[in-house]
Amino acid sequence: MDTDAIITEVRAQLEALNSNLAEATSEERLKAIITPMLDGIVGDEDFQRKMRFGGTERKLVGSKYARHNMSVADLEFLYDMQESLTGQKRAGRSGVYTGPSEELKTAFGAVSDALYLTDEQVREIDKQALDNVFPRVPKVAFHGRDRALAEKGLWWMTGAYQNAIRAMDTAESGYGSQLIGAQYVGELWEAARQQSMVFSLFETFEMTAPTVYLPVEVDIPELLFVSESTANNSSNYDTVKTGSNRVTVTAKKFVIHQIWSGEMEEDSIIPFIPFLRKQATKSLAHYSDSLLINGDDTNAATGNINLDDADPADTKHYLAFDALRHVAIVDNTNNQVDHSGAAVTWDAAFDMREMLVDRTYLHDWSNPMDPNDLVYISMPEITHDLGKMDEVITVDKYGAAATVLTGEVAKIGRNPVVSSIAMALTMADGKSSTTAGNNTLGQLMICNKNGAVVGWRRRVKLETERLPATDQTRIVYSMRLGHGRFTPTGAASGIEWVATLFNIAV
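Here the working numbering is used: the first residue of the sequence shown is 416, the next is one more, and so on.
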């Protein structure tokens, strides 16, 4: 074979090889091979359980933030933290923090719609929101001197309006700023709701003003039996007014402090951003539960249900407002039962529902259309004892829900049981003592969750503070949360949707 023939044959084989390779690596061929494999993998339960794919924003791909699998919320949190550090002394190094890097600024601008407003601008927005709300508040919602002023159109002179203004942040003009519209703030509230036991029970709404008034019906109009009108001069039928009232929700300010001992430089802190956010979420979940269970604004040497024989520190979270336990222990003592130090029983727990019937205003809080709306709120010790009651422990008495099978009581009757460690041990009167040894007894609450509402403000202000004495940095989150309780009379003594069994042996 001559040289030309050899070259021709080699060329033909190479062309055939290229043709086969092109066909084998074509998009259609690769898709035909990979698609069945992916379908099999994705459908595998073990694969789904073990594998986690990153949710990095597309615009971050290729950056160091994507390599750390940071979400938009993570990036916003990092940016807000670095911004708050600007001008503060570096940890363990000379110089000061200069704020977000150019790379972080570019990434933040590409993926986030959040923007900074000064505290003064935020205050002005809040004031405008109040100015928009108060002219629309019904006159009957005001009382005493406030009603007289409201009827004259002088709503800005009412005590209610002045209190709402004072409740707003009183930061100095032009001092500090807040990141408005950040995704991480909404995720913080939502994650806290998911991790909470009690906070998640109640209807929540985002407050668009520092104080919100929710109109509610008090009673229903009476159905009248009347005779037929047979003459053109028949007298008018009697009219019946439908009672109404309002639930006031005022956002109170709370702060969370985190202490960080390490370097706060951007590249150093990035790996720990998810941890810091997770810890803030845990704190918000627990203390939101505690707020709704233990809230009592009594700030005196005696009388607070959480510290009956001492004056609580002015910064205690439970001083923000009166909440659930306060109803039966203080506000409406007809809705409490002293269990005389005995162990919890089925009859005692079941009979608590009888206290939730309001005959005056025809509200039967004890039998909601949805049984899940009526909830028992317990403490861990009592929850365990509920599982040992004779009525629920064996299959012959409680069927498949028997605690010998499930290990816990999920419901009493048709109503769910929720356990929260935020409910503390108490003395015999249902209040807690400053002396831990005096708090040896338990309690059990029942409430209709339609009787309360929780409001929260989306804004969270993040600040940092250098602590040279300990070579640490304090991270401070400030936020606002409000709680409203329905009462047909306008007074807390009229609340009928909560009852408490206390002085229970544990």
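Think of the CB as a built atom: it goes at the ideal place given N, C-alpha and C, for glycine as much as any other residue.
Contact belief for Ile671 with Leu699 at Cβ below 8 Å, rounded distance in angstroms: Here the question's residue 671 lines up with position 256 in the sequence shown. Here the question's residue 699 lines up with position 284 in the sequence shown. That belief holds up - the Cβ atoms of Ile671 and Leu699 are roughly 7 Å apart, short of 8 Å.
Pro831 (DSSP reduced to helix, strand or coil): Taking the sequence shown and counting its residues from 1, the one referred to as residue 831 is at position 416. Looking at Pro831 - three-state DSSP - the assignment turns out to be strand.
Alpha-carbon spacing of Ser781 relative to Gly559, whole angstroms: In the sequence shown, the residue the question calls residue 781 occupies position 366. In the sequence shown, the residue the question calls residue 559 occupies position 144. Ser781 and Gly559 have their C-alpha atoms spaced approximately 34 Å apart.
Those runs of the beta strand (DSSP E) which lie wholly inside the stretch 724-796 and span at least 3 residues: As summarised for the stretch 724-796, the continuous beta strand (DSSP E) elements at least 3 residues long and confined to that stretch are 751-753, 789-793, given in chain order.
Coil, strand or helix - Arg444 by DSSP: Working through the sequence shown from its first residue, we reach residue 444 at position 29. In this structure, Arg444 counts as helix in the three-state DSSP scheme.
The stretch 710-727 in contact with the stretch 509-519 per 3-pair CB rule at 8 Å: Taking 8 Å as the limit for Cβ pairs, the verdict is that the stretch 509-519 does not touch the stretch 710-727.
Residues that DSSP places opposite Glu498 in a beta bridge: Start at 1 with the first residue of the sequence shown, and residue 498 comes out as number 83. According to DSSP, which records beta bridges pairwise, Glu498 is partnered with nothing at all.
According to DSSP, residues forming a beta bridge with Gln887: Counting from 1 along the sequence shown, the entry for residue 887 is found at position 472. According to DSSP, which records beta bridges pairwise, Gln887 is partnered with Leu882.
Span separating the alpha-carbon of Lys668 from that of Gly899: Position 253 of the sequence shown, counting from 1, holds the residue named residue 668. Position 484 of the sequence shown, counting from 1, holds the residue named residue 899. Lys668 and Gly899: Cα-Cα distance of roughly 15 Å.
Rounded straight-line distance, which links the Cα of Ile674 to that of Thr798: The residue given as residue 798 occupies position 383 in the sequence shown. The residue given as residue 674 occupies position 259 in the sequence shown. Separation of Thr798 and Ile674 (C-alpha to C-alpha, rounded to the nearest whole angstrom) is 34 Å.
C-alpha gap between Met842 and Met612, whole angstroms: For the purposes of this step, residue 842 is identified with residue 427 of the sequence shown, where counting begins at 1. For the purposes of this step, residue 612 is identified with residue 197 of the sequence shown, where counting begins at 1. Their backbone Cα atoms lie some 24 Å apart in a straight line.
Exposed unless 16 or more other CB atoms sit within 10 angstroms - verdict on Val772: The count along the sequence shown starts at 1 and reaches residue 772 at position 357. Looking at its Cβ environment, which holds fewer than 16 other Cβ atoms inside 10 Å, Val772 is exposed.
Beta-carbon proximity of Cys862 to Leu706, cut-off 8 Å: Within the sequence shown, residue 862 is the residue found at index 447, counting from 1. Within the sequence shown, residue 706 is the residue found at index 291, counting from 1. It is not a contact, given that the beta carbons lie outside the stated cut-off.
Beta bridge counterpart(s) of His898 as assigned by DSSP: Residue mapping note: residue 898 aligns to position 483 of the sequence shown, counting from 1. In the DSSP output, where bridge partners are listed per residue, His898 has Val869.
Residue burial classification, Glu605 (beta-carbon count within 10 angstroms, cutoff 16): One-based indexing of the sequence shown puts residue 605 at position 190. It counts as exposed.
Whole-number beta carbon distance between Val526 and Lys479, since they are thought to touch under 8 Å: Start at 1 with the first residue of the sequence shown, and residue 479 comes out as number 64. Start at 1 with the first residue of the sequence shown, and residue 526 comes out as number 111. For Lys479 against Val526, the beta-carbon gap comes to about 14 Å, at or over 8 Å, which does not count as contact.
Proximity below 8 Å, CB of Leu722 to CB of Ser847: Your numbering for residue 722 matches position 307 in the sequence shown. Your numbering for residue 847 matches position 432 in the sequence shown. Closer than 8 Å, so yes.
Gly828, buried or exposed, once every other Cβ within 10 Å from all chains shown has been counted against 16: The residue labelled residue 828 in the question sits at position 413 within the sequence shown. It counts as exposed.
Thr849, buried or exposed, once every other Cβ within 10 Å from all chains shown has been counted against 16: As a working mapping, residue 849 is identified with position 434 in the sequence shown. Burial call: exposed.
Three-way DSSP call (helix, strand, coil) for Ser893 in this model: By one-based count along the sequence shown, residue 893 stands at place 478. Correct three-state label for Ser893: strand.
As assigned by DSSP and simplified to three states, the class of Lys846: The residue labelled residue 846 in the question sits at position 431 within the sequence shown. Residue state, collapsed to three classes: coil.
CB contact flag (Thr665, Gln610, <8 Å): One-based indexing of the sequence shown puts residue 665 at position 250. One-based indexing of the sequence shown puts residue 610 at position 195. The Cβ atoms of Thr665 and Gln610 do not sit closer than 8 Å to each other.
Phe382 versus Ser755 - alpha carbon distance: Not covered by the structure: residue 382. The range shown for the chain is 416 to 921.
Beta-bridge pairing of Phe669 - partner residues as DSSP gives them: On the sequence shown, residue 669 is found 254 positions in, with the first residue counted as 1. Partner(s): Met894.
Nearest residue (CA-CA) to Glu618, options Leu916, Arg881, Asp788, Glu806: Locating residue 618 in the sequence shown gives position 203, where the first residue counts as 1. Of the candidates Leu916, Arg881, Asp788, Glu806, Asp788 places its Cα closest to the Cα of Glu618.
Residues near Glu430 by beta carbon distance below 6 Å, same chain, minus five either side: Numbered from its first residue, the sequence shown carries residue 430 at position 15. Excluding residues within five positions, none has a Cβ falling inside 6 Å.
Within-8 Å CB hit, Asp419 to chain B: No chain B is present in this structure, which holds just one protein chain.
Under the three-state DSSP convention, the category Ile421 falls into: In the sequence shown, residue 421 corresponds to position 6, counting from 1. Residue state, collapsed to three classes: helix.
Leu801 vs Val824 beta-carbon contact at 8 Å: For the purposes of this step, residue 801 is taken as residue 386 along the sequence shown, with counting starting at 1. For the purposes of this step, residue 824 is taken as residue 409 along the sequence shown, with counting starting at 1. In this structure, the beta-carbon distance from Leu801 to Val824 falls below 8 Å.
Exposure of Lys450, with buried meaning 16 or more beta-carbon neighbours within 10 Å: Working through the sequence shown from its first residue, we reach residue 450 at position 35. One point to set straight first is that residue 450 is Thr, not Lys, in the sequence displayed. Exposed.
Cross-strand partners of Tyr628 (DSSP beta bridge): Stepping through the sequence shown from its first residue, residue 628 is reached at position 213. Within the DSSP secondary-structure output, Tyr628 pairs in a beta bridge with Thr663.
As assigned by DSSP and simplified to three states, the class of Glu678: Taking the sequence shown and counting its residues from 1, the one referred to as residue 678 is at position 263. Correct three-state label for Glu678: coil.
Exposed unless 16 or more other CB atoms sit within 10 angstroms - verdict on Ser499: Your numbering for residue 499 matches position 84 in the sequence shown. Under this definition Ser499 is a buried residue.
Residue of Thr888, Leu882, Leu877 minimising C-alpha distance to Arg895: In the sequence shown, residue 895 corresponds to position 480, counting from 1. Answer by Cα proximity: Leu877.
Unbroken beta strand (DSSP E) run spanning Gly857, endpoints: Position 442 of the sequence shown holds residue 857. First-last of the beta strand (DSSP E) with Gly857: 857-863.
For Phe523, the first and last residue of its enclosing beta strand (DSSP E): What you label residue 523 is simply residue 108 of the sequence shown in a count that begins at 1. No beta strand (DSSP E) holds Phe523; the alpha helix (DSSP H) holding it covers 517-526.
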